[in-house]
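Trainee:
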Amino acid sequence: MQTFQDLALEPTLAASLSAGGFTTLTPIQSQAIPLALNGNDILGLAQTGTGKTLAFGVPIIQAALLRPGKPTPKTTKALILAPTRELVNQIASALAALTKQMKLRVTTVVGGASLGKQLNILSKGTDILVATPGRLIDLLERGGIDLSTTNHLVLDEADQMLDIGFIHALRKIVPYLSETRQTMLFSATMSKQMEGLSRTYLSDPQRVEVSPPGITADLVKQSVQFIDKAKKPFMVREILDQHKGIPTLIFSRTKHGAEKLKTALVADGFKATSVHGNKSQGQRDRAIKTFRSGEMDILVATDVAARGIDIPGVGLVINYELPNVAESYVHRIGRTARAGRSGKAVSLCAADERKHLKDIEKLIKMPIETIGEVPPVSAEESKNTSRRGNGSKKKRFHPRDKMKNAPKPANGHRHRRGKGKAHSNKTAA
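For what it's worth, our numbering labels the leading residue of the sequence shown as 7, then goes sequentially.
#1: Cutting at 7 Å between CB atoms, please list the residues of its own chain near Q68, excluding the five before and the five after it.
#2: With 16 other CB atoms within 10 Å as the buried threshold, where does T9 fall?
#3: Just to confirm, are L161 and L191 a CB contact at a threshold of 7 Å?
#4: Compare the beta carbon distance of G117 and G140 with 7 Å and say whether it is the shorter of the two.
#5: Since I believe T342 is in contact with V320 (beta carbons under 8 Å), could you give me their beta-carbon distance rounded to a whole number of angstroms?
#6: What is the DSSP secondary structure of M196, reduced to helix, strand or coil?
#7: Between which two residues does the alpha helix (DSSP H) carrying E215 extend?
#8: Between V214, H337, P329, which lies nearest to T32 when the distance is taken from Cα to Cα?
#9: Could you give the uninterrupted runs of the beta strand (DSSP E) lying entirely in the segment 214 to 283, keeping only those of 3 residues or more?
#10: Between E185 and the rest of its own chain, which residues show a CB-CB distance below 6 Å, the 5 nearest in sequence each way excluded?
#11: Which of the three DSSP states is assigned to D478 in this structure?
#12: So for E375, helix, strand or coil by DSSP?
#13: When DSSP builds the beta bridges, which residues end up paired with N325?
#14: Name, in chain order, the residues that DSSP records as bridge partners for Q188.
#15: Keeping to the same chain, check which residues put their C-beta closer than 7 Å to that of P65; ignore five residues upstream and five downstream.
#16: Round the Cβ separation of A278 and A307 to the nearest angstrom and send it over; I've been treating them as touching at under 8 Å.
#17: Shorter than 6 Å, the distance from the beta carbon of Q199 to the closest heavy atom of the ligand PLP, or not?
#18: In its own chain, which residues sit with a C-beta less than 6 Å from the C-beta of L23, not counting the 5 before and 5 after it?
#19: Along the beta strand (DSSP E) that carries K83, what are the first and last residues, could you check?
#20: Got a sec: is the Cβ-Cβ distance from A21 to anything in chain D below 7 Å?
#21: When the Cα atoms are used, what is the spatial distance from V260 to S280?
#22: DSSP three-state call for I151: helix, strand or coil?
#23: Can you tell which of G27, T114, S258 has its C-alpha closest to the C-alpha of N325?
#24: Round the Cβ separation of G50 and I34 to the nearest angstrom and send it over; I've been treating them as touching at under 8 Å.
#25: To the nearest angstrom, report how far apart D316 and A25 are at their CA atoms.
#26: Under 7 Å between the Cβ atoms of L85 and L125?
Put into structure tokens, the structure is as follows:
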């Protein structure tokens, strides 16, 4: 199947897709949608920016249209779980645009928003609920949502949710759901833990995969520059000056570091804003809005935004600090080269980040192009490398070795500890 018209969808859904400019199916959509329409559980593996939202969204909307009628109070026909507030809002926005001419309600619940307001909205029931796991548990424990009649469960960006401890939240959420539901799990990477998750919560799933897990987007030109940590602020300004007018995402490892870098860039005349965990939901939404509209050229973010920003115009990603989880690198640079466009990703690597770089190159199965000179490995790094192993094993110490190497006394015999009283070398008083 090549187009949405080949799927024999409900006329209102087909018309909505056409009006939204969705005609040709992406690879993940062409594989997943027909299987999902037949009621199969889906295990989908694909990079970010490949159209996963419609891959699960279209079957959910189709099912809702085939079963018309208002949802009963506190219930939802479909539940979509995502790791971040930004991704929840992005998914809900895409689905709301599709269902605008239909009598379907799309609702979001995320942390940082009014719990009372969310309880009030859910009291009327909804067709599609998009939520972060933590806030959903809050609502479940207060009796604000009933999932017993929910027909569809989607776990989007499940690998990141596992990274942030989602497995514990999932164990709390699943008992509230019907066992006869359809479950779809989508992820950019596949780990042993993810395999275990799919075996536990999916029933005979159909696996669809459009690219090997961990492989970065083909259209992203990647490079790394080795640099002293103290020189990073100067280098990032130099890179920005070389790419003026290009929407740029800069990733920092910490909330404090992201805000500090943003403040410094603004002081230097750059149009920059920031998104991180210390920002309120309103502040985060406004920051992304100004970046999306072009009012701001630069968005400095922590990994909280790596999978929650879908802005096709992002042309450059700068890893101000390399992530200590290799998979996060894939999702960071996946914010550029979206919707068929090309993009660049530049990483600044300090001496203490070389291990992270090796982990990333191992994951993506390719070396990243080095720009500039590669500084020699420091004495400390060399010591750590040799300590980790150079092919030889250190001989284990055994107490007998001490006896073997001990000097002999003048009479040619070694001292032996008797089985009776302990001998003493001290002279009696």
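The beta carbon of each residue, even a glycine, is placed where N, CA and C say it ideally should be.
Mentor: So, from the data block:
#1: L15, E16, L19, L43
#2: exposed
#3: Against a cut-off of 7 Å, the Cβ pair of L191 and L161 comes out as a contact.
#4: One thing to note: G117 has its Cβ within 7 Å of the Cβ of G140.
#5: About 5 Å separates the two Cβ atoms, so the contact holds.
#6: coil
#7: No alpha helix (DSSP H) holds E215; the beta strand (DSSP E) holding it covers 212 to 215.
#8: Measuring from the Cα of T32, the nearest candidate turns out to be V214.
#9: 226 to 232, 254 to 257, 278 to 281
#10: none
#11: Nothing in the structure corresponds to residue 478, since the chain is present only between 7 and 435.
#12: strand
#13: F257, S353
#14: Q188 is bridged by DSSP to H158.
#15: I39, A42, L43
#16: Going by Cβ atoms, the distance from A278 to A307 rounds to 11 Å, so no, they are not a contact pair.
#17: The model depicted lacks the ligand PLP and carries no ligand whatsoever.
#18: F10
#19: 82 to 87
#20: No chain D appears in this structure, which consists of one protein chain only.
#21: Note that residue 260 corresponds to Thr in the displayed sequence, not to Val. If you draw a straight line from the Cα of T260 to the Cα of S280, it is about 12 Å long.
#22: Looking at I151 - three-state DSSP - the assignment turns out to be coil, as it is neither helix nor strand.
#23: S258
#24: Confirmed, Cβ separation roughly 6 Å.
#25: 20 Å
#26: no
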